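No gaps in the numbering here: position 123 of the sequence shown is 123 in our numbering, and each next residue is one more.
Idealized CB from N, CA, C, for every residue including glycine.
This one's a predicted model, so the numbers in the text were calculated from it and none came from an experiment.
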Amino acid sequence: MERTSARRGALISLEGGEGAGKTTVLGALRARLEARGHRVVGTREPGGTPAGEAIRALLLDPAHPWVPHAELLLMFASRAQLVDTLVEPALARGDTVLADRFTDASFAYQGGGRGLPAGLIAELERVVVRRTPDLTLLLDLDVAQGLARARARGGPADRIEQEREDFFERVRATYRARAAADPARIAVVDAAQPVEAVVRDACAALDRFLDRWERGA
Ligand SMILES: Nc1ncnc2c1ncn2[C@@H]1O[C@H](COP(=O)(O)OP(=O)(O)OP(=O)(O)O)[C@@H](O)[C@H]1O
Ligand SMILES: [Mg+2]
Numbered sequence: 001m002e003r004t005s006a007r008r009g010a011l012i013s014l015e016g017g018e019g020a021g022k023t024t025v026l027g028a029l030r031a032r033l034e035a036r037g038h039r040v041v042g043t044r045e046p047g048g049t050p051a052g053e054a055i056r057a058l059l060l061d062p063a064h065p066w067v068p069h070a071e072l073l074l075m076f077a078s079r080a081q082l083v084d085t086l087v088e089p090a091l092a093r094g095d096t097v098l099a100d101r102f103t104d105a106s107f108a109y110q111g112g113g114r115g116l117p118a119g120l121i122a123e124l125e126r127v128v129v130r131r132t133p134d135l136t137l138l139l140d141l142d143v144a145q146g147l148a149r150a151r152a153r154g155g156p157a158d159r160i161e162q163e164r165e166d167f168f169e170r171v172r173a174t175y176r177a178r179a180a181a182d183p184a185r186i187a188v189v190d191a192a193q194p195v196e197a198v199v200r201d202a203c204a205a206l207d208r209f210l211d212r213w214e215r216g217a
């Protein structure tokens, strides 16, 4: 008989503004999880599935002047596809999902940044996503510093990266407010430090979470 008692995997998300270092620390977090015996599935948003990556291209294309509600619904269309085809099956298998951005990003960008009501986003989260991450690492960084890093990375700025600085200040403030309101889930990491220190702090927060999670707490 098939065992049904296996525990579902953990959903861990990485959040932060442009150039905060999410993608940079992802590899170290994956290695840490694997060293502790977890099978890891990595995702990114918007995107993470073939359909989602097509939506990502539309969303980030500066040629499309998406109105805020269209942007919000495209984000959730991509996330719906990701949750149903990738995240939920992985969690059900007992795999750990490591997400480069998740629903908190919609609260920060489409809520804080674009000014859409948090209640609407919470309702989409409830109906479409049906899950909150078990752990979120918020890489918090001064806006100008993050934008400078993202620009130094090279390549043309995408539609969101072309926003004004006050947009990103609202994004950052929303992320920080969410972390302050839910410190048990969201760990804030000082992303202004050198990469090694950011990785160290992120891994320490991950370890604290895993110590609880692996005990079944
Ligand atoms: N702690 C750090 N100190 C200095 N530079 C960093 C640090 N972390 C990342 N970088 C560099 O900053 C740039 C942005 O990092 P990264 O792409 O990881 O950010 P991100 O949060 O994934 O950005 P985006 O939101 O655009 O996906 C990269 O060139 C990276 O090498
Ligand atoms: Mg990135």
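Can you tell me which residues form a DSSP beta bridge with residue i?
i	result
G42	L98
V188	L138
Measure the C-alpha to C-alpha separation of residue i and residue j and round it to an integer number of angstroms.
i	j	result
L120	A77	15 Å
P62	A80	23 Å
E161	A28	25 Å
E45	A105	9 Å
A20	R126	28 Å
R164	D140	18 Å
V198	V25	8 Å
A184	E196	24 Å
G48	R153	21 Å
A180	R131	20 Å
R149	T174	21 Å
Spatial neighbours of residue i within its chain, please: C-beta separation below 7 Å, excluding the five flanking residues on both sides.
i	result
Q145	A192
Q110	P68, E71, L72, M75, L116, I121
R8	L91, A92, G94
V129	R79, V83, T103
V171	G17, A108, Y109, G112, G113
Which term fits residue i, buried or exposed, when burial requires 16 or more other beta carbons within 10 angstroms of its beta carbon?
i	result
V83	buried
D190	exposed
D207	exposed
A97	Here the sequence assigns Val to residue 97, which means Ala is not the residue at that position. Buried, because 16 or more other Cβ atoms sit within 10 Å of the Cβ of V97.
P133	buried
G216	exposed
T23	exposed
Taking the continuous alpha helix (DSSP H) assigned at residue i, which residues delimit it?
i	result
D211	195-214
E165	165-181
T103	103-106
Q81	68-82
E123	118-124
A6	Per DSSP, A6 belongs to no alpha helix (DSSP H) and is neither H nor E.
P50	50-60
Q162	No alpha helix (DSSP H) contains Q162, which DSSP labels as neither H nor E.
Who are the near neighbours of residue i in its chain, counting only those whose CB is closer than 6 Å to its CB and skipping five residues on each side?
i	result
F168	G17, V143
A187	L137, A205
S5	Confidence is the limiting factor: at S5 the pLDDT is only 48, short of 50, which leaves the residue's position unreliable, though a coordinate-based value still follows. Around S5: no qualifying Cβ.
L14	K22, D100, L137
Can you give me the start and stop residues for the beta strand (DSSP E) that residue i sits inside?
i	result
I12	11-16
Beta carbon of residue i: closer than 8 Å to some heavy atom of ligand 3?
i	result
Q110	Questions concerning ligand 3 fall outside what the structure shown contains, since the ligands it does hold are ligand 1 and ligand 2.
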